[in-house]
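Quick note on the working numbering: the sequence shown kicks off at 918 and runs consecutively.
Written below as structure tokens is the structure these notes are about.
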Amino acid sequence: MLSPGALRAEEGADWASFRGDAAGSGVARGTLPEEPEVLWTFDVAEGVEATAAVVGERVFLGGMDGVLYALSLEDGKKLWTYQAEGAIRSSPAVAGGLVYFGDESGFVHAVEADTGKGRWKFETQAEVVSSPNLAGGCVLVGSFDQFLYCLQPADGKVRWKVETEGPVNGSPAVSGQEVISAGCDGYLRTVHLDDGKEVSKVALGGYVAAGAAVQGSRAYVGSFENEVLAIDLAKNEVLWRYQHPERHFPFYASAAVAGDTVVIAGRDKIVHALEAGTGKARWTVPTRARIDASPVVLGDRVFVGGESGVLYALDLATGKVRWQFETGSGIAASATLARGRLVLGTVDGTVYCLGQKRKAS
918 MLSPGALRAE EGADWASFRG DAAGSGVARG TLPEEPEVLW TFDVAEGVEA TAAVVGERVF
978 LGGMDGVLYA LSLEDGKKLW TYQAEGAIRS SPAVAGGLVY FGDESGFVHA VEADTGKGRW
1038 KFETQAEVVS SPNLAGGCVL VGSFDQFLYC LQPADGKVRW KVETEGPVNG SPAVSGQEVI
1098 SAGCDGYLRT VHLDDGKEVS KVALGGYVAA GAAVQGSRAY VGSFENEVLA IDLAKNEVLW
1158 RYQHPERHFP FYASAAVAGD TVVIAGRDKI VHALEAGTGK ARWTVPTRAR IDASPVVLGD
1218 RVFVGGESGV LYALDLATGK VRWQFETGSG IAASATLARG RLVLGTVDGT VYCLGQKRKA
1278 S
């Protein structure tokens, strides 16, 4: 069974799904050195675009070679592999000893976390790049077949499904007993977790590929209409819209929401920090290339990388660059921050684990 082992639990919580929690907040717990060092690397043949999960002593991540890898968090050694039907851009979610993810051939898989043995797989009618979320006895995941699914964790049978009017690319979020899902049909849908019945549907005015980040009664999401929106889930209306005054490019990445700050990055090559209540820009930081990876907040730092191959740590309050790491390859996956480590896969297939090197005794 998975256990903390030599890695101390107080170093930080697990990161068991794409955005770290059911609400999709993108906020990590624990600590990381101000200037983390490379502890190990691992190579994936055809690149990595999915965000890793870290649970206990193990790293789980999917590759564009269609392989799910389990690695030792301590030293990066390969523990097992599982071959899927297609490339994996869906970030894994881990719970109850099983790893759940989708592939571009349209399958959703459940794999035993200890052994890599397949438990079940469910076939949708189109590619699955949506990252599963786990709540209320549901494996929640979208497909390009235009459905949002709730699958039973034990056997993969459909508990309910909701038909939309376009591909469901983003990861669904959960708040209480409600599931919040944005889609390529331009709507933010809220449905009941227990039966999938619609609670509300809010028009966003554009195609949405990202998952929503939910805090309290508000959801935050970026769109391909070059906007970031805040939606009041209680009133079923858009509270505010933000658009950069000069650079108008789509937002593919999901937002992170920490306290009263929303952080999102876009294909405009900019990282944006916004006031959660008003949508007013607190700061913007230009980078060298477009950003499809979603930012992650740890304490007073924001970690985000993009096609330039640079992973930045920005000050949450000011946007000041506090640290940066050159990977030499594009970054499409988000950083995973857990148990005192940072794990990141790159487009060229190098997986990095960074943290505090142990002092020689």
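Heads up, the beta-carbon is just placed ideally off N, CA and C, and yes, glycines get one too.
For clarity, every value in this text was computed on a predicted model and none was experimentally measured.
- Query: Where in the segment 956-1026 do unbroken runs of the beta strand (DSSP E), each at least 3 residues long, occur, reported from the N-terminal end onward?
  - Reply: 970-972, 975-979, 984-989, 995-1000, 1010-1012, 1015-1019
- Query: Between T1267 and V1213, what straight-line distance do the alpha-carbon atoms span, to the nearest angstrom?
  - Reply: 20 Å
- Item | Per-residue burial, R936 [other beta carbons within 10 Å of its own, 16 or more giving buried] | buried
- What separation, rounded to the nearest whole angstrom, lies between the Cα atoms of D1025 and L1259? The identity of residue 1025 in the sequence shown is Val, whereas the question assumes Asp. Using only the alpha carbons, I get a separation of about 27 Å.
- Query: Is it the case that the Cβ atoms of A987 and A933 are separated by a distance below 8 Å?
  - Reply: no
- Task: Could you tell me how far apart the beta carbons of E1192 and A1206 are, in whole angstroms, since I believe they sit closer than 8 Å?
- Result: Not quite, the Cβ-Cβ distance comes to about 27 Å (not below 8 Å), so this is no contact.
- Item | Residues of its chain near T958, where Cβ-Cβ distance is below 6 Å and the 5 sequence neighbours each way are ignored | T1267, Y1269
- How about F1061 and P1084: are their beta carbons less than 8 Å apart? yes
- Within the segment 1195-1231, ranges of the beta strand (DSSP E) (whole runs, at least 3 residues): 1198-1203, 1213-1215, 1218-1222
- Item | Best match in A1198, E954, G943 for proximity to K1286 [C-alpha to C-alpha] | Outside the displayed span of the chain (918 to 1278) sits residue 1286, for which this structure offers no information.
- Query: By the 10 Å Cβ neighbour count, where 16 or more other Cβ atoms means buried, how is S1134 classified, buried or exposed?
  - Reply: exposed
- Query: Comparing alpha-carbon positions, which option in A1198, G1226, G1087, Q1132 lies nearest Y1169?
  - Reply: G1087
- Query: Along the chain, where does the beta strand (DSSP E) that runs through D1111 open and close?
  - Reply: Here D1111 belongs to no beta strand (DSSP E), and DSSP marks it neither H nor E.
- F1039 (DSSP reduced to helix, strand or coil): strand
- Message: On the DSSP letters alone, give me the boundaries of the beta strand (DSSP E) that Y1159 sits inside.
- Response: 1154-1159
- If we ignore side chains and look at the alpha-carbon of each, how far apart do L1082 and D1102 end up? The amino acid occupying residue 1082 in the given sequence is Glu; Leu does not appear at that position. Going by the C-alpha atoms only, they are around 5 Å apart.
- Item | 8 Å Cβ cutoff met for A962 and D982 | yes
- Task: Taking Q1096 and L1121 to be in contact with their CB atoms under 8 Å, please state how far apart those CB atoms are, rounded to whole angstroms.
- Result: First, the residue type needs correcting, since residue 1096 is Val and not Gln in the sequence shown. The pair is not a contact, with the Cβ atoms about 17 Å apart (cut-off 8 Å).
- Given a cut-off of 8 Å, decide if V1079 and G1113 are closer than it, judged by their beta-carbon atoms. yes
- DSSP puts I1148 in a beta bridge; with which residues? A1136, V1155
- Tell me, please, which residues DSSP counts as bridged to Y1269. T958, L1261
- Message: Are the CB atoms of A1130 and S1171 within a distance shorter than 8 Å?
- Response: yes
- Message: For the segment 1170-1185 against the segment 1138-1145, do three or more pairs of beta-carbon atoms, one drawn from each stretch, fall closer than 8 Å, so that the two count as touching?
- Response: yes
- Which listed residue (A1234, R1256, V984, A1249) has its alpha carbon closest to that of T1201: A1234
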